[in-house]
Amino acid sequence: MRIATWNINGVKARIDNLLHWLREASPDVVCLQEIKSVDEAFPADVLSDAGYNVAVHGQKGFNGVALLSKHPIEDVSRGLPDGDGDEQARFIIGLVAPKDGAAVRIASAYMPNGNPIGTEKFTYKLAWMKRLEAWTRATLAEEESLVLAGDYNIIPDPLDAKNPEVWTGDALFQPETRGAYRRLMALGLTDAVRAVDDNAGIYTFWDYQAGAWQKNNGIRIDHILLSPEAADRLVEAGIDRYVRAWEKPSDHVPVWVELRE
DNA sequence: ATGGTTGGTAGCCAA
Numbered sequence: 045m046r047i048a049t050w051n052i053n054g055v056k057a058r059i060d061n062l063l064h065w066l067r068e069a070s071p072d073v074v075c076l077q078e079i080k081s082v083d084e085a086f087p088a089d090v091l092s093d094a095g096y097n098v099a100v101h102g103q104k105g106f107n108g109v110a111l112l113s114k115h116p117i118e119d120v121s122r123g124l125p126d127g128d129g130d131e132q133a134r135f136i137i138g139l140v141a142p143k144d145g146a147a148v149r150i151a152s153a154y155m156p157n158g159n160p161i162g163t164e165k166f167t168y169k170l171a172w173m174k175r176l177e178a179w180t181r182a183t184l185a186e187e188e189s190l191v192l193a194g195d196y197n198i199i200p201d202p203l204d205a206k207n208p209e210v211w212t213g214d215a216l217f218q219p220e221t222r223g224a225y226r227r228l229m230a231l232g233l234t235d236a237v238r239a240v241d242d243n244a245g246i247y248t249f250w251d252y253q254a255g256a257w258q259k260n261n262g263i264r265i266d267h268i269l270l271s272p273e274a275a276d277r278l279v280e281a282g283i284d285r286y287v288r289a290w291e292k293p294s295d296h297v298p299v300w301v302e303l304r305e
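Following the numbering used here, the numbering of the first sequence begins with 45 at its first residue and continues without gaps.
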């Protein structure tokens, strides 16, 4: 099963790119972030015509996440399922069950950006990470194939930025942010891309400004994290960076994993 | 060099 994640920065502005990439890459499941759409305006019809079931958790103007799947999506939850609620639409999870294959529980997560540091936005980011860690700890006890995919808005390591020194004052690279990510990973998750390639220079985001793409001034902030049961099934992982060179691109590109049945 | 670009929305806010 091929599972991808992509922050598309507006589903309405990106629908042609999305459909084009779906035809080329043909993923089984796609975790979308920053759809910037309410549920009613999400283009479920054209995505259904393209062969995908849809589960959406949207809001007006900002944020918003969705799951697309060639297989049925069951047991859908919107928002982090810890009962605490959230004014911002940042998490959706469902069980994807192929007819003739093992099921995978898959989340599409859009972590808070957290900038600027020293404000309530950064506090919200750290609180959100803490909630995710607590929920993940409890959920890993189920010993299922679990895939936590999304835009983490976290640069885990200096290797994950072309110019790490320019990110020192940024919420994406703060010691508290990286510490929260390390605690999450220490629960026993596997970073799928790093499991197959530990080289520098692997990025998923290039800013629109100052010619970042042309200079390859990128960062790696979109991650696919696997439970031990899912990691046992890991075949391959990759980043579709060619999508960043298309007309009207998102500032993020798709990241994907292939899991054996 | 504290810049500049995009999306959603209707003035700026978020990234």
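Where a beta carbon is used, it is the ideal one built from N, C-alpha and C, also for glycine.
Exercise. Quick one: what does DSSP say Tyr225 is sitting in, helix, strand or coil?
Worked result: helix
For this session: Check the DSSP bridge columns for Phe86 and list the partner residues they point to.
Result: Per DSSP, none; premise fails for Phe86.
Problem set entry | Reduced DSSP secondary structure (H/G/I, E/B, other) of Phe217 | helix
For this session: Look up Thr248 in the DSSP assignment and say whether it is helix, strand or coil.
Result: coil
Exercise. At a cut of 8 Å, does the stretch 183–195 reach the stretch 269–278 through at least three beta carbon pairs?
Worked result: yes
Exercise. Taking buried to mean at least 16 other C-beta atoms within 10 Å of its own C-beta, is Ala289 buried or exposed?
Worked result: exposed
Exercise. Is the stretch 64–74 touching the stretch 91–101 in the sense that three or more CB pairs, one from each, lie closer than 8 Å?
Worked result: yes
For this session: Please say whether Pro160 and Lys169 have beta carbons closer to each other than 8 Å?
Result: no
For this session: Kindly confirm or deny that the stretch 170–188 and the stretch 259–266 touch, where touching means at least three C-beta pairs closer than 8 Å.
Result: no
For this session: Just mark Leu303 as buried or exposed, buried being the case when its beta carbon has 16 or more other beta carbons within 10 Å.
Result: Leu303 comes out buried.
Problem set entry | Residue range of the alpha helix (DSSP H) that includes Ile59 | Val55 to Ala69
For this session: Spatial neighbours of Val140 within its chain, please: CB distance less than 7 Å, with the 5 preceding and 5 following residues excluded, ordered by chain position.
Result: Val73, Ser113, His115, Ile117, Ala147, Val148 and Ile150
Exercise. Hey, quick one: how far does the alpha helix (DSSP H) through Val240 stretch, first residue to last?
Worked result: DSSP places Val240 inside the alpha helix (DSSP H), whose first and last residues are Ala236 to Val240.
For this session: Would you tell me roughly how many angstroms separate the C-alpha atoms of Ala308 and Glu131, rounded to the nearest one?
Result: Limits of the chain in this structure are 45 at one end and 305 at the other, which puts residue 308 out of reach.
Problem set entry | Buried versus exposed call for Lys56 [16 or more other C-beta atoms within 10 Å across all chains shown] | exposed
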